[in-house]
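Peer 1: Dropping the structure in here first, questions after.
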Amino acid sequence: MNGSKDTCMQGVGPLMWTAAVSLSALACAAPQDAANELQDTFIQVHERIAPSVVSIRSLQKIQSPPENTAPNEEGGWVVSLEEPRYPGYAVLGSASGFVLDARRGIIATARSPLMGPNGTLPAAFDVEGHDRIHVMASMLGGEPTLDLLFLKMTVPVDGLQPQLTSISWGESDQLKPGSWAFLVGDPPGIDTFFTPSVLSGIPRRDCYQEDLQASYLQIARMIHPDALGGPVTDIEGAVVGMLMPRRDRPKIAPAQQIVQFALPAKIIREIAAPIIHQRSVESPWLGFSVMSREELREEIGPRALSQMSRPPVGIYIENVFEPSPAFAAGIRPGDFLTEFNGYPINSPIEFQKHFYLSGPGATVEVSTFRAGTVKKAMLTIGTRPAEVTLPTQPSADAE
């Protein structure tokens, strides 16, 4: 045999030739093996999360027709589409959700896709599990500002209980841009919506403020509208967020239209129990926004922070709204919140947990630090107004 192959392989024994061929085959197989491993991982994520994802429909009672009117008569009564499983009820809205506690039948979902006109509450909810078994559910509580709703499954519609599994929580604050993110939902009439993506942005704030989207995870993917309320998982299938409706300004940049927002798991995880315990359906309000010390350091720089008078514990009060309980009590931007109802406060999430546990209508004691002095004040938690404003010229030393 003549040619370069002969030249290259001169002096190579049969064993070495076999080894060379095997290495070449492995090199060719490696990309395929990696692809298969990735595919297996995706399948495992789906198998882990699917039994925890549900389809939800809100129901409204069909009004009885007034006398002397007929369906579709101009100015008369129009028949709504009746839901066969619920005689006398019609479907109002639909969304996805996930199971927080399978034993107690507690589900988390997005609020607004299920509400009626002007935010009216539905009469009931239908929950469909991955095994296509239906259960009626009632509302446990919600948070309109965060667009959260918590439901409890009550009466089996088909005479059977769905076989559901509680989700596992992931660490949403450990995610970084580029992390795998799996968007999952269960739109009515469609098999489970499941699509892999990557995290494109992380929250700028730990605690929601006037800019709610600053608290969101951002994912480069568009979703089915009825997947809203469904979970976002990490590569292990643990829930790191909830798919949320957009609250865009009238004009959206084209590049932003493919960005999906998700409320981080750590926020849902901390406030779910207080909201459910209080059976609250309103957003509590004291009228100030806060920052962690880490966020403050990023905002003003380490040098400015080192020169600032600050307490050993506490979080920074960034804005105070007017009118509000906080403004009336003399709390001002630049103060540090050190205690809430007797509990030391070291992070915005810690503050939110105690804040929601108290709930609207509760009177709480708040300790703040300013220029070396600690001040205590009693505040009554209100309900967040539709519009909030900052003082024109906030003064750090105003009383």
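Position 333 of the sequence shown, counting from 1, maps to 332 under numbering that gives the first Met the number 0, and the rest follow consecutively.
Heads up, the beta-carbon is just placed ideally off N, CA and C, and yes, glycines get one too.
Using a Cβ-Cβ cut-off of 6 Å (strictly less than) and excluding sequence neighbours within five positions of residue 126, which residues of its own chain qualify?
Peer 2: In the sequence shown, counting from the first residue as 1, residue 126 sits at position 127. Excluding positions up to five away in sequence, the list reads 53, 55, 134, 136, 152.
Peer 1: Tell me whether residue 345 sits in a helix, a strand or coil according to DSSP, three-state version.
Peer 2: Translated into positions along the sequence shown, residue 345 becomes position 346. Correct three-state label for residue 345: coil.
Peer 1: Look at residue 45 and residue 193 and say whether their C-beta atoms are less than 8 Å apart.
Peer 2: The count along the sequence shown starts at 1 and reaches residue 45 at position 46. The count along the sequence shown starts at 1 and reaches residue 193 at position 194. Yes, the Cβ-Cβ distance between residue 45 and residue 193 is below 8 Å.
Peer 1: In the DSSP assignment, find the alpha helix (DSSP H) that holds residue 326 and state where it starts and stops.
Peer 2: On the sequence shown, residue 326 is found 327 positions in, with the first residue counted as 1. That run of the alpha helix (DSSP H) goes 324-327.
Peer 1: For the beta strand (DSSP E) containing residue 133, name the first residue and the last one.
Peer 2: By 1-based counting over the sequence shown, the position of residue 133 is 134. Residue 133 -> beta strand (DSSP E) spans 133-142.
Peer 1: The beta strand (DSSP E) spanning residue 180 covers which residue range?
Peer 2: As a position in the sequence shown, residue 180 is number 181, starting the count at 1. From DSSP, the beta strand (DSSP E) with residue 180 extends over 179-184.
Peer 1: Could you pull out every unbroken alpha helix (DSSP H) segment of at least 4 residues lying fully inside the region 254-298, listed in chain order?
Peer 2: Those alpha helix (DSSP H) runs which fall completely within the region 254-298 and span 4+ residues are 264-277.
Peer 1: In the structure shown, what three-state DSSP assignment does residue 35 receive?
Peer 2: Start at 1 with the first residue of the sequence shown, and residue 35 comes out as number 36. In the structure shown, residue 35 sits in a helix (DSSP, three-state: H, G or I).
Peer 1: Give the DSSP bridge partners of residue 90, in chain order.
Peer 2: Position 91 of the sequence shown, counted from the start, is the residue given in the question as residue 90. Answer by DSSP bridge pairing, in chain order: 58.
Peer 1: Nearest-angstrom Cα distance between residue 142 and residue 32?
Peer 2: Mapped onto the sequence shown, residue 142 falls at position 143. Mapped onto the sequence shown, residue 32 falls at position 33. Computed Cα separation, rounded: 46 Å.
Peer 1: For chain C, check one thing: does any of its Cβ atoms lie closer than 8 Å to the Cβ of residue 104?
Peer 2: Considering every chain present, this structure includes no chain C. It has just one protein chain.
Peer 1: In the DSSP assignment, find the beta strand (DSSP E) that holds residue 369 and state where it starts and stops.
Peer 2: In the sequence shown, counting from the first residue as 1, residue 369 sits at position 370. Counting along the chain, the beta strand (DSSP E) containing residue 369 begins and ends at 362-369.
Peer 1: Shortest alpha-carbon distance to residue 267 belongs to which of 101, 362, 170, 334?
Peer 2: Start at 1 with the first residue of the sequence shown, and residue 267 comes out as number 268. Among 101, 362, 170, 334, the Cα nearest to that of residue 267 belongs to 170.
Peer 1: Could you tell me the alpha carbon to alpha carbon distance between residue 374 and residue 281, rounded to whole angstroms?
Peer 2: Working through the sequence shown from its first residue, we reach residue 374 at position 375. Working through the sequence shown from its first residue, we reach residue 281 at position 282. Using only the alpha carbons, I get a separation of about 29 Å.
Peer 1: Judging by CA-CA distance, which residue of 236, 244, 237, 331 is the nearest neighbour of residue 222?
Peer 2: Along the sequence shown, one-based indexing puts residue 222 at 223. Comparing Cα-Cα distances from residue 222 to each of 236, 244, 237, 331, the minimum goes to 244.
Peer 1: In whole angstroms, what is the alpha-carbon distance linking residue 242 and residue 263?
Peer 2: One-based indexing of the sequence shown puts residue 242 at position 243. One-based indexing of the sequence shown puts residue 263 at position 264. Taking the straight line joining both Cα atoms gives about 9 Å.
Peer 1: Do you know whose CA, among 360, 50, 114, lies nearest residue 162's CA?
Peer 2: Stepping through the sequence shown from its first residue, residue 162 is reached at position 163. Checked all of 360, 50, 114; the closest Cα to residue 162 is 50.
Peer 1: So, are the CB atoms of residue 229 and residue 183 less than 8 Å apart?
Peer 2: Sequence index remark: in the sequence shown, residue 229 carries index 230 (1-based). Sequence index remark: in the sequence shown, residue 183 carries index 184 (1-based). Yes; because the gap between Cβ atoms is below 8 Å, this pair is in contact.
Peer 1: Using alpha carbons as the reference points, say which of 360, 363, 370, 270 lies closest to residue 315.
Peer 2: Taking the first residue of the sequence shown as 1, we reach residue 315 at position 316. When each option's Cα is compared against that of residue 315, the closest is 370.
Peer 1: Looking only at its chain, what residues have a beta carbon closer than 8 Å to the beta carbon of residue 337, apart from the 5 residues adjacent to it on each side?
Peer 2: Counted from its first residue, the sequence shown places residue 337 at position 338. Hits under 8 Å: 310, 312, 313, 343, 344, 366, 367, 368, 373.
Peer 1: Can you find the residues in the same chain that come closer than 8 Å, C-beta to C-beta, to residue 154, ignoring five residues on each side of it along the sequence?
Peer 2: Along the sequence shown, read from residue 1 onward, the residue named residue 154 stands at position 155. Once the five neighbours on either side are set aside, the close Cβ partners of residue 154 are 134, 135.
Peer 1: Give me the Cα-Cα distance between residue 172 and residue 224, rounded to the nearest whole angstrom.
Peer 2: Numbered from its first residue, the sequence shown carries residue 172 at position 173. Numbered from its first residue, the sequence shown carries residue 224 at position 225. Rounded to the nearest angstrom, the two C-alpha atoms are 26 Å apart.
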